[in-house]
Every structure is written in C-alpha cells, then in structure tokens.
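Each position in the sequence shown, counted from 1, maps to that position plus 64 in full-length UniProt numbering.
C-beta: ideal position from N, C-alpha, C; glycine also.
Predicted model, so just to flag it, every value in this text is computed and none were measured.
Input: a single structure, listed below in structure tokens.
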Amino acid sequence: WKRLTEGLSRTSSTIGAGITGIFTKRKLDAQTLEELEDVLVQADLGVAAAMRITENIGEGRFDKEIAPEEVKRILAEEVEKALAPVAKPLTIDTAHKPFVILMVGVNGAGKTTTIGKLASKFAADGKSVMLAAGDTFRAAAIEQLKIWGERTGAPVLAREQGADAAGLAYDALNQARTDGHDVLLMDTAGRLQNKTALMAELEKIIRVMRKIDESAPHAVLLVLDATVGQNALSQVEIFGKAAGVTGLVMTKLDGTARGGILVALADRFGLPVHYIGVGEGVDDLEPFAARDFAQAIAG
Ligand code: GDP
Numbered sequence: 065w066k067r068l069t070e071g072l073s074r075t076s077s078t079i080g081a082g083i084t085g086i087f088t089k090r091k092l093d094a095q096t097l098e099e100l101e102d103v104l105v106q107a108d109l110g111v112a113a114a115m116r117i118t119e120n121i122g123e124g125r126f127d128k129e130i131a132p133e134e135v136k137r138i139l140a141e142e143v144e145k146a147l148a149p150v151a152k153p154l155t156i157d158t159a160h161k162p163f164v165i166l167m168v169g170v171n172g173a174g175k176t177t178t179i180g181k182l183a184s185k186f187a188a189d190g191k192s193v194m195l196a197a198g199d200t201f202r203a204a205a206i207e208q209l210k211i212w213g214e215r216t217g218a219p220v221l222a223r224e225q226g227a228d229a230a231g232l233a234y235d236a237l238n239q240a241r242t243d244g245h246d247v248l249l250m251d252t253a254g255r256l257q258n259k260t261a262l263m264a265e266l267e268k269i270i271r272v273m274r275k276i277d278e279s280a281p282h283a284v285l286l287v288l289d290a291t292v293g294q295n296a297l298s299q300v301e302i303f304g305k306a307a308g309v310t311g312l313v314m315t316k317l318d319g320t321a322r323g324g325i326l327v328a329l330a331d332r333f334g335l336p337v338h339y340i341g342v343g344e345g346v347d348d349l350e351p352f353a354a355r356d357f358a359q360a361i362a363g
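Okay, structure coming up:
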C-alpha cells in the first residue's frame, strides 16, 4: 500500500490539491463541477469519463456545501466503479507448459524491465521461467535482458543483434518445452518508426510459435508508459491490431500526475489491466487492484 500510494503521489497530490482548491468553502454547483471536470481531464481520465464522474458526483448534492474530503471519497468510489471491470489478475494456466507470454510495446515503455519484474515474481511463486531476448534490434535490450536473467536466475535465450526474431521465438519455445519451463517470457522490438515492419515481425513471431503450440502465445501483454498520456490510446489500437493484445501493464505511474489514463483506457477498450509499475526496482510492480488504485489517486 505504501509503495502504491508513494508511487501514485504525483497524481493524487494534483487531484487532491485541485479538489481542495475548488471545494473549500464553496457550494457544489455547475461552476465547481466544471472546475472538477477540468482537474480530472488534466489527470488524463479522458473527457467522457471526467464528464460522467462529475455528473455522478453532483447528483443529489447540488447547491450544498461539500467538504473536499467528501468529494475525494465519492471520486474514489466512481474511479473504482470505472476500473473494477478491467482489474483482472494475470493467471498462468498450468495446462500450458510453457505458458507463453509475449511482451509488446514501444521502445522505452518498460518492456524489458517489466519482464525482469515478472520473472522475479513468478520465480518467487516457485515457477521456472525462461526469457527470450526477442528485441533483436537493439543490442542494449539484449544485454539488459541478460542482466535480468542473471538477477532472477532465469535462463535467457539470446542471439546477436539483428538476428531474426521469429526464428529466435521458435527456438525459445522449443527449448522451453524441452527443458520443462513453466513460463516463457518473450521480449519483442518496439520501433514504431517502422510500423509496418514491426507489425509484420510480431505477426511472424506469433505464426511460428503456433507451429509448435497452436494456442501460443497464451498472453500478449502490452506495456504502456503512463507518462505518454492520451497517446497510450493509439498504442493500444496499433498493437491490438498486430498482436491481439490480451492485457495491459501500465508502467511509470510514479513519474506522472496523469495516472487517470487507466480510466480512459478502461472506458475505451475494456482490456484487462494486470499490473502497474511504480518504480524501477524489481519489486516495483503491483498487481492492479481497482479499489486500492482508486483510493490512492483520489487525493
Ligand atoms: P523497453 O524499451 O520497453 O524495454 O523499456 P525498458 O525496460 O528498457 O525501460 C525504459 C526505462 O524506463 C528504464 O530506465 C527503466 O528503468 C524505466 N522504467 C520501467 N518501468 C518503470 C516504472 O514503473 N517506473 C519508473 N520510474 N521507471 C520505469
């Protein structure tokens, strides 16, 4: 809880200060509600959600004074309502061995770091994990994944920079099967500058994996950087088309006052949110819980 509230403190202090500023010794009316709506839009909840939530907060409370703390409490309830349908844990179905998780997202979103954090979590749960350095485009990504492998004790299949990512994916899945690993975490490239090539590469990775296991990948997690704000919405669209995203991980919530973006995403796509990143450390990945998150951001 402490990690969560501290991680989300930039969002919560912005929303909290906004609410305190608006409602201290003022009535709830069209004017104050509009100001509240602005605060929520600035925190990136999206215009539609901000309107709906302020309307709900106003209902039956017009022309009365309302304490800022009361507004925060109701806001938390409303945010929880919006997020509850998407807060779903990532379950590793043991019927699949390995359970293949394909990690996708633009460069810098936090894919490699999230793979390291997940590997550590799964290992702590007693699962044997293998990593595949599928971002063959960047030497640094390959090196970074190897470091996470050492840190978490997970074997890493890596090739030289420029190697064919689909070939590597195929070999990694074969190897993970042979060695009896429970989970295979597959990194991928994220160079959006060449969107067509990237999408073709992701499709090919999926196609070759299905030659070995036709149900693979069993999860396709899109890693999104919270600091990019509304841009996250178009990333969901792009990667959704190319890779059939099954769930989201939102990183860097500690580095932004715009944590409300999760509400905008829930509204628009309804995709499951599995984890949130609240720091660079190995333990700074929290399972996404709607109530905790809502209470942490509402000020
Ligand atoms: P990739 O290109 O998608 O693989 O991104 P990386 O995993 O290399 O991450 C890019 C940068 O973001 C690194 O400096 C990470 O330490 C940092 N990062 C990743 N997740 C988080 C997070 O939740 N919070 C913060 N503050 N930094 C993060």
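Within the same chain, Phe163, His282 come within 8 Å of aspartate 157 by CB-CB distance, once the 5 residues on both sides are set aside. In this structure, ligand 1 has a non-hydrogen atom nearer than 7 Å to the beta-carbon of lysine 316.
Glutamine 95 has its CB no nearer than 7 Å to any heavy atom of ligand 1. Contact between leucine 209 and valine 193 is ruled out by a C-beta separation of about 12 Å, above the 8 Å threshold. The alpha-carbon separation between phenylalanine 303 and isoleucine 206 amounts to approximately 22 Å. Looking at the DSSP output, valine 287 sits in a beta bridge with Val313.
Residue range 132-147 is occupied by the alpha helix (DSSP H) that includes proline 132. About 5 Å separates the CB atoms of valine 168 and threonine 252; that is less than 8 Å, so the two are in contact. Counting along the chain, alanine 330 sits inside no beta strand (DSSP E); it lies in the alpha helix (DSSP H) bounded by residues 325-333. In this chain, the alpha helix (DSSP H) harbouring valine 111 covers 111-122. Under DSSP, glutamate 129 takes part in a beta bridge, and its partners are Lys91. Non-local C-beta neighbours of glycine 213 in its own chain, meaning closer than 7 Å and more than five positions away in sequence, comprise Leu195, Pro219, Val220, ordered along the chain. The shortest C-alpha to C-alpha distance from tyrosine 234 to any of Gln225, Leu335, Leu248 is the one to Leu248. With 16 or more neighbouring CB atoms inside 10 Å of its own CB, glutamine 299 falls in the buried class. A direct Cα-Cα distance of roughly 22 Å separates lysine 145 from glutamate 70.
According to DSSP, residue pairing for tyrosine 339 in a beta bridge involves Val313, Pro351.
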